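Trainee:
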Amino acid sequence: MENIKNKIPGIILCLVIAVPAELLVRFISVLEVVGAPVIAIIAGMVITLFYKKKNKTVDGIAFTSKKVLQYAVILLGFGLNLSTIAQVGGQSLPIILSTIATSLITAFLLYKLMKVPPKISTLIGVGSSICGGSAIAATAPVIDADDEEIAQSISVIFLFNVLAALIFPTFGGLVGMSSEGFALFAGTAVNDTSSVTAAASTWETIHGVTGVLDSAVIVKLTRTLAIIPITLVLAFYRLKKAKTAGGKGANVRLKKIFPMFILWFVAASVITTILNAVLSGGALETAESVFSFLKSASKFFIVMAMGAIGLNTDIVKLVKTGGKPIFMGFCCWVLIAAVSILMQHVMGLL
């Protein structure tokens, strides 16, 4: 009970950051392209410049940045209907696999060439290729990334999210993409759901069409499933590396580092899929309302966690060390976009 009491002040502080961040995005539409998680992480970093005595809040901040982040990933599973993804997202699978491979290989090569910290490289590679902040949230506990590494990676992803949402709709028109082609492009080349939504909505407005947003989001959700194999591979890699290193590392057990929350994420996806298949009428509407609430809770938990991560981040240090990670994010972003277009040409979709 005492342990829970110790966490309450820090959790409340994270709530105080998260609620205004959510309200700002909800009532100021231009901020949708930025997103509440980024606003929360920036607010946390600014607050921590002036709020030095964190003794009473440190436990709650740590709990929010770690455990609440994992709860957010679990609840994210309630937004994934696997049967819908299989039906609609299957066509995009070769493109998705190609863009994921491109991003991970690019991040690995630049990590070797530029000596970017390995955990930041991993988070940028995964965040760029899968689903931005959600992928970073899922991967960070598996590789034991600290809050400053998470903040650095989120900041890089945020920068290119905004650029993608602003540039890609116009770019797609200039290169003669069809609406179907742009939906695939946005779903595979933009790395965060909020930016995918913004880019696809802008395309629909510019060209006076519908259906692009729905298709782009389904492709994006198909990418989200890559969280599962990526985190499992990273967990086994970390275990192998620890045992090879010997010493204390030899005592690292799979049970300790295995991302159990990913199994709950899978379970949530399966539950969503089964209930959508077997229910109908009022029961289905009720289930969909519950799933919608849980998805909203997932997004809010991510905002809370980003606020906590901001509170644990030295913004001055972040700015000083940001050059190489930003260049890595830029390379991943450009190459993912190029490979997405190339694969559509190869598959005869453009």
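To convert a position in the sequence shown, counted from 1, into our numbering, add 1092.
Cβ atoms here follow ideal geometry from the backbone N, Cα and C, with glycine treated the same way.
In this text, all values refer to a predicted model and were calculated from it rather than measured experimentally.
When burial is assigned at 16 or more other CB atoms within 10 Å of the CB, is E1240 buried or exposed?
Mentor: By the 10 Å Cβ count, E1240 comes out buried.
Trainee: As a quick exercise: from L1174, N1095, A1113, I1100, pick the residue whose alpha carbon is nearest that of K1391.
Mentor: Among L1174, N1095, A1113, I1100, the Cα nearest to that of K1391 is on A1113.
Trainee: Checking 7 Å against the spacing of the C-beta atoms, do L1367 and A1359 come in under that value?
Mentor: Going by C-beta atoms, L1367 is not nearer than 7 Å to A1359.
Trainee: Determine contact between the region 1393–1403 and the region 1103–1120, defined as no fewer than three beta-carbon pairs at a distance below 8 Å.
Mentor: Touching, yes, given that three or more Cβ pairs across the two stretches are closer than 8 Å.
Trainee: Leaving out five residues on either side along the sequence, give the residues of the same chain with a beta carbon under 7 Å from the beta carbon of F1170.
Mentor: Once the five neighbours on either side are set aside, the close Cβ partners of F1170 are A1360, T1364, F1383, L1386, K1387.
Trainee: Ordered along the chain, which non-local residues of its own chain (more than five positions away) have a Cβ less than 7 Å from that of L1168?
Mentor: Contacts found: S1226, F1357, S1390.
Trainee: Would you mind working out which of G1102, A1132, I1096 sits nearest G1402, comparing C-alpha positions?
Mentor: Comparing Cα-Cα distances from G1402 to each of G1102, A1132, I1096, the minimum goes to A1132.
Trainee: Indicate the three-state DSSP secondary structure (helix, strand or coil) for D1236 in the structure shown.
Mentor: DSSP places D1236 in coil when its eight states are reduced to three.
Trainee: First and last residue of the alpha helix (DSSP H) that includes S1157?
Mentor: S1157 -> no alpha helix (DSSP H), and no H or E assigned at all.
Trainee: CA-CA distance, F1328 and A1334?
Mentor: Their Cα atoms are separated by approximately 10 Å.
Trainee: Please state the DSSP three-state secondary structure of Y1329.
Mentor: Helix.
Trainee: Can you grab the Cα-Cα spacing for the pair I1177 / K1097, in whole Å?
Mentor: Near 42 Å, if we compare the C-alpha coordinates of K1097 and I1177.
Trainee: Would you mind giving the Cβ-Cβ distance between F1250 and V1282, rounded to the nearest angstrom? I have them listed as a contact below 8 Å.
Mentor: With a Cβ gap of about 12 Å, F1250 and V1282 do not count as contacting.
Trainee: Could you give the distance in angstroms between the alpha-carbon of G1127 and the alpha-carbon of V1117?
Mentor: Approximately 6 Å, taken between the alpha carbons.
Trainee: Sort K1312, I1139, T1294 by Cα distance to N1223 and report the nearest one.
Mentor: Strictly speaking, residue 1223 in this sequence is Cys, with Asn absent from that position. Comparing Cα positions, the closest option is K1312.
Trainee: Since F1200 and G1421 should fall inside the 8 Å C-beta cutoff, what is the C-beta to C-beta distance between them, to a whole number of angstroms?
Mentor: Contact flag wrong, Cβ pair sits at about 14 Å.
Trainee: Quick check on S1270: does DSSP put it in helix, strand or coil?
Mentor: Three-state DSSP puts S1270 in coil, outside helix and strand.
Trainee: What's the gap between the Cα of M1137 and the Cα of V1248?
Mentor: If you take the alpha carbons of M1137 and V1248, they lie about 15 Å apart.
Trainee: According to DSSP, simplified to helix, strand and coil, what is S1381?
Mentor: DSSP places S1381 in helix when its eight states are reduced to three.
Trainee: Please classify Y1143 as buried or exposed, where buried requires at least 16 neighbouring CB atoms within 10 angstroms.
Mentor: So Y1143 ends up on the exposed side.
Trainee: Which residues mark the beginning and the end of the alpha helix (DSSP H) in which T1289 is found?
Mentor: Looking at the DSSP string, the run of the alpha helix (DSSP H) that includes T1289 is 1285–1299.
Trainee: Decide yes or no for the touch test of the region 1182–1194 against the region 1307–1321: beta carbon pairs closer than 8 Å, at least 3 of them.
Mentor: The answer is yes - the region 1307–1321 touches the region 1182–1194, with three or more Cβ pairs under 8 Å.
Trainee: With a cut-off of 8 Å on the beta carbons, I'd call V1431 and S1190 a contact; round off their distance for me.
Mentor: That pair is a contact at about 5 Å.
Trainee: What do you reckon, are the CB atoms on S1271 and V1304 nearer than 7 Å?
Mentor: Yes, Cβ-Cβ distance for S1271 and V1304 is below 7 Å.
Trainee: Of the residues A1256, L1442, D1284, I1100, which one's Cα is nearest the Cα of W1295?
Mentor: Of the listed residues, the one whose Cα sits closest to W1295 is A1256.
Trainee: Taking the alpha helix (DSSP H) that V1358 belongs to, which residues open and close that run?
Mentor: It spans 1352–1370 - the alpha helix (DSSP H) in which V1358 sits, taken as one unbroken run.
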